[in-house]
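Right, one structure below, let's go through it.
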Amino acid sequence: MLADLLRESKRTIVYTGAGMSTESGLPDFRSSKTGMWEMEDPSKVASVTALNQHVEQFFQFYKHRVLAAKGTGPHQGHKILAKWEREGVIKGIITQNVDGFHTMAGSKNVMELHGTLRKVHCETCGQVYDNERYENDEFYCECGGKLRPSVVLFGEMLPEEPFLQAIVESEKADLFIVLGSSLTVTPANQFPLIAKQSGAKLVIINLEPTELDYLADLVVHERKIGEVLLEANDLLLH
Ligand code: APR
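First residue of the sequence shown: 1, per this note's numbering; consecutive thereafter.
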């Protein structure tokens with residue numbers, strides 16, 4: 001059915017969450033037992049408060065995530081999505097992920113709602129550096145300000161440009177495919193709603209149930225994204 005929907009669609013948008021990168025070896029946030037927020041309290045390590053009041057914990061948490069992302073990379077599912085964009089099967093990807101794997105896999109139209117781990121910037125002067133500063137335990141700018149990853153922390157606004165573009169893409173889509181998100185975090189979880197309200201068919205592919213399953217035209221649980229994309233790709237070829 002997914003292959004049929006992709007064939008019929010004129011404008012498919014894919015929307016990804018942390019479940020898109022678990023098959024690259026990166027943990028997601030809310031899977032029971034393995035999710036990052038099962039081990040850490042996000043307000044203590046991934047919030048503006050953490051940056052201001054628990055800065056050593058903040059630095060170590062993000063250093064660990066920078067190293068983890070550098071130790072792996074896009075898997076075959078990311079590469080299939082990049083191929084589908086080249087072939088015109090999909091028009092773009094709205095992602096909550098900060099690992100940069102969609103761009104690394106060759107996707108061009110990628111809206112990074114929550115920023116990127118691949119860069120850090122000074123919270124005082126704004127100077128941008130590569131994230132290897134964190135690998136080398138360099139947590140301060142030449143100006144003396146703290147260096148922080150260019151991700152959206154809890155308590156911060158989302159970057160305007162990708163957010164506005166994601167609204168336009170969600171309104172124009174006639175097929176909107178969610179891959180690997182619990183859809184629990186606002187405002188990122190509004191885009192499937194916008195797409196559905198604008199007349200798109202909604203597909204949700206996620207190991208566990210999500211908060212928006214009731215809205216979907218097709219729900220696929222208990223299947224890994226990599227396998228589902230590979231199967232759909234094989235069907236599209238024939
Ligand atoms: N295939 C399919 N689904 C998967 C896979 C997989 N290989 N691996 C994990 N999942 C599913 C899990 O069942 C889970 O429901 O992906 C979902 C990931 O949900 P979350 O961990 O909540 O991640 P996400 O939805 O991206 O979180 C949103 O929360 O902490 C913030 O900023 C952070 O961007 C993140 C946001």
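The beta carbon of each residue, even a glycine, is placed where N, CA and C say it ideally should be. If you're wondering where the values come from, they're calculated on a predicted model, not measured in any experiment.
Roughly how many angstroms lie between the CA atoms of lysine 224 and serine 182, to the nearest whole one? Translated into the one-based positions of the sequence shown, residue 224 becomes position 224. Translated into the one-based positions of the sequence shown, residue 182 becomes position 182. Roughly 14 Å separates the two Cα atoms.
Taking C-beta to C-beta, are glycine 17 and asparagine 97 nearer than 8 Å? Translated into positions along the sequence shown, residue 17 becomes position 17. Translated into positions along the sequence shown, residue 97 becomes position 97. Result yes, Cβ atoms of glycine 17 and asparagine 97 sit closer than 8 Å.
Would you say the segment 214-228 touches the segment 28-46, given that touching needs at least three Cβ pairs under 8 Å? No, the segment 214-228 is not in contact with the segment 28-46.
According to DSSP, simplified to helix, strand and coil, what is threonine 116? Taking the first residue of the sequence shown as 1, we reach residue 116 at position 116. Note: threonine 116 maps to strand in three-state DSSP.
Looking at C-alpha atoms only, which residue of Val151, Lys79, Val228 and Val48 is the closest neighbour of lysine 108? Indexing the sequence shown from 1 puts residue 108 at position 108. Of the candidates Val151, Lys79, Val228 and Val48, the one whose C-alpha sits nearest the C-alpha of lysine 108 is Lys79.
Within 10 angstroms of the Cβ of phenylalanine 154, are there 16 or more other Cβ atoms? Answer buried if so, exposed if not. Counted from its first residue, the sequence shown places residue 154 at position 154. It is exposed - the Cβ of phenylalanine 154 has fewer than 16 other Cβ atoms within 10 Å.
Does DSSP classify valine 98 as helix, strand or coil? Within the sequence shown, residue 98 is the residue found at index 98, counting from 1. Reduced to three states, the DSSP call for valine 98 is coil.
Counted within 10 angstroms of its Cβ, other Cβ atoms place valine 55 as buried (16 or more) or exposed: Stepping through the sequence shown from its first residue, residue 55 is reached at position 55. Classification for valine 55: exposed.
Three-state class that DSSP yields for serine 246 in the structure shown: Any answer about residue 246 is impossible in this case: the structure gives the chain only from 1 up to 238.
Return yes when the C-beta of asparagine 109 is under 7 Å from any heavy atom of ligand 1, and no when it is not. The sequence position of residue 109 within the sequence shown is 109, counting from 1. Asparagine 109: no, Cβ never under 7 Å from ligand 1.
Can you name the start and end residues of the alpha helix (DSSP H) that phenylalanine 58 belongs to? Along the sequence shown, one-based indexing puts residue 58 at 58. Per DSSP, phenylalanine 58 belongs to the alpha helix (DSSP H) from 55-70.
Mind the definition here: the segment 55-68 touches the segment 135-150 only if three or more C-beta pairs lie below 8 Å; say whether that holds. Yes, they touch.
Taking the continuous beta strand (DSSP E) assigned at valine 14, which residues delimit it? Looking up residue 14 in the sequence shown gives position 14. 12-16 is the extent of the beta strand (DSSP E) around valine 14.
Closer than 8 Å to chain D by CB, leucine 179: The structure shown contains no chain D; it holds only a single protein chain.
So the candidates are Asp234, Val110 and Leu229; which of them puts its Cα closest to the Cα of glutamate 161? Taking the sequence shown and counting its residues from 1, one reaches residue 161 at position 161. Of the listed residues, the one whose Cα sits closest to glutamate 161 is Val110.
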